[in-house]
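According to my numbering, the stretch in the sequence shown is residues 671 to 898, in order.
Note that CB positions come from ideal geometry on N, CA and C, so glycine has one too.
Predicted, not measured: the structure shown is a model, and the values here were computed from it.
What follows is one structure encoded as structure tokens, with my remarks underneath.
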Amino acid sequence: MLTIGALCWLCRQPLWFSHQGICRCCAVLLLDNRDRCCPCCGLPAGSSSRPCGRCLLKAPPWETLLYVTDYQPPLSQLIKRLKYHGGIGLARVLARLLLLRWQEARREQLLSRPELILNVPLHAYRHWRRGYNQTDLLARTLARWLSVDYRADALVRIRAAPPQQTLHAGARRRNLRGAFDCCIDVAGKTVALVDDVVTTGSTVEELTRLLLSRRAKAVQVWCICRTL
């Protein structure tokens, strides 16, 4: 007799493996439901294997941007639940989707295997208010599954600032100047930087420039959703 342990977070059908959170059918639909996008900036493009015209003119500092879907339901709702409503159990569910996307990109030879995984940090006060950093939960899980080194304390936010979502693109960039520091040696390493959502890219751009200034070999940006 089959014991029903859990239901899929999306379609509410019984799961064979309760720890996965999202059934195979929903996972396939999510991973397939994406237009061709530039492997560098993650925005819609004519090819998913070559940089788009925007990146040929002015490439972002990171090497590759990997994401599951654009920022829309149902994943946008799950991310909000993870970030603002204590849904820490969703971190493993969302990390699994990102892992599946990573495996797909590896098969297509679109990115190299990182030697170090880091997460986008929160300021200490915001971390204390929330009780956790959702990017830490995502990065920690991915590092364990991929057997890649992970340092939760490597990147720190040294200056508090207004939330990014309240600012326009130019103000976001100014808001983050000098806001971060790196506490470990990253010289010669390919680093995967994990975030939950990339919108204008200001946060991951600032962190990427910081890592490259510390002589990191290359930086890949991994996130659950990309705002298009």
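- No residue range can be given for D705, since it is assigned to no alpha helix (DSSP H) and is classified by DSSP as neither H nor E.
- For R896, the enclosing beta strand (DSSP E) has its first and last residue at 888-896.
- Within the same chain, Cβ atoms closer than 7 angstroms to the Cβ of S717 are found at R706, the five residues on either side in sequence being excluded.
- Relative to T897, the option among V889, D866, K887 whose CA is nearest is D866.
- Boundaries of the alpha helix (DSSP H) harbouring R879: 872-883, taken from the DSSP string.
- Within the same chain, Cβ atoms closer than 7 angstroms to the Cβ of P744 are found at L680, the five residues on either side in sequence being excluded.
- Only residues of its own chain outside the window of five on either side were considered, and among them A765, L768, L769, I787, V864 have a CB closer than 7 angstroms to the CB of L812, listed in chain order.
- As the crow flies, the alpha-carbon of F687 is around 17 angstroms from that of W815.
- For L699, the closest of C852, T878, Y802, R771 by C-alpha to C-alpha distance is R771.
- Scanning I749, Q747, W732 for the CA closest to the CA of V891 turns up W732.
- Per DSSP, the unbroken alpha helix (DSSP H) holding Y754 starts and ends at 745-754.
- With contacts defined by Cβ atoms closer than 8 angstroms, L877 and L825 form a contacting pair.
- Distance from the Cα of N703 is smallest, within the candidate group T739, K728, Q683, for T739.
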